[in-house]
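Quick note, in the working numbering, the sequence shown goes up one by one and the last residue is 1137. All C-beta atoms in this analysis are idealised placements derived from N, C-alpha and C, irrespective of residue type, glycine included. So the structure is just underneath, and the comments pick up after that.
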Amino acid sequence: MKTLDSRLSSFFARFPLLAKTLAVLNKADIPFAIGGSGCLFLLGNERQPDDVDIYLPNDKHDEVDRLFGITSFPYRSEQEEVRNSNVDGNHSIQLTSNLILKIQGKRYDLALTTDVQSMCLKAEFAGQKVFLYPPEDVLLIKALLQRGQDVGKHDIDDIQNFMKIYPELRMDYLQSRISHLDATERIGNIFS
946 MKTLDSRLSS FFARFPLLAK TLAVLNKADI PFAIGGSGCL FLLGNERQPD
996 DVDIYLPNDK HDEVDRLFGI TSFPYRSEQE EVRNSNVDGN HSIQLTSNLI
1046 LKIQGKRYDL ALTTDVQSMC LKAEFAGQKV FLYPPEDVLL IKALLQRGQD
1096 VGKHDIDDIQ NFMKIYPELR MDYLQSRISH LDATERIGNI FS
């Protein structure tokens, strides 16, 4: 299995705007965390991500947009509401905040709060701090959405594959998040 350093190296090579993006965020001391399939790839999943989801605290998105000279836009679908912006207009880097999932009549607020930030994993690459969204939260989002190949996603497969290769999963934290969001019914036995 590749080490985190070699995975970071290939990840930064695959997404050339990532170095610039993290340099700006770090210099401005903006909290952030790489989430989604990118986070799972960096921690050992084999599936290569198509883009980089960088989560921001809800109250920092305006500041980040100003730093990059970009404008964010809301995305709303049947299942989610989110605020996104793209560095240099390139969709390979997605800055994300205000994530709310709407599933089976419930709303799940998945903001990057200080509590979630405290569970982020930290690394360094090429002189830049790299924060990874808690993998438990990445899996939780996938378990809530349960999207399949019909929409170009692999949520349940990603969860199952990741759980096989990542023994460091903090199940107590994951269970606390499921309880906090009142998502026990939706999640079912996905993590059993």
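C-beta atoms of residue i and residue j nearer than 8 Å
i, j, result
"G983", "D1004", "no"
"K1047", "E1025", "yes"
"G981", "V1083", "yes"
"D1095", "R992", "no"
"Q1062", "A968", "no"
"Y1078", "Y1000", "yes"
"L1040", "L1085", "no"
"T966", "V1027", "no"
"S1030", "I1045", "no"
"S1022", "H1006", "no"
Residue i: first and last residue of the uninterrupted beta strand (DSSP E) it sits in
i, result
"I979", "978 to 980"
"I1038", "1038 to 1048"
"R1028", "1025 to 1031"
"D1138", "The chain is shown from 946 up to 1137; residue 1138 falls before or after that span and cannot be answered."
Backbone CA spacing between residue i and residue j [nearest angstrom]
i, j, result
"A1071", "D1010", "24 Å"
"R1115", "F1136", "12 Å"
"F1107", "L949", "15 Å"
"K1067", "G1050", "35 Å"
"L1089", "R1131", "7 Å"
"P1080", "K1109", "13 Å"
"Y1111", "L1012", "35 Å"
"H1099", "H1036", "20 Å"
"A964", "F956", "10 Å"
"P976", "P1002", "7 Å"
"S1121", "I1038", "30 Å"
"D995", "D1127", "31 Å"
"L1055", "R952", "26 Å"
"S954", "P961", "11 Å"
"T1058", "G1097", "29 Å"
Extent of the continuous alpha helix (DSSP H) run through residue i
i, result
"D1004", "Neither: D1004 is in no alpha helix (DSSP H) and is coded neither H nor E."
"N971", "962 to 972"
"Y1118", "1116 to 1125"
"K1109", "1100 to 1110"
"E938", "The structure shown has nothing for residue 938, since the chain only spans 946 to 1137."
Beta bridge counterpart(s) of residue i as assigned by DSSP
i, result
"L1066", "L1077"
"F1018", "N1029"
"V997", "I1038"
"K1087", "In the DSSP output, where bridge partners are listed per residue, K1087 has none listed."
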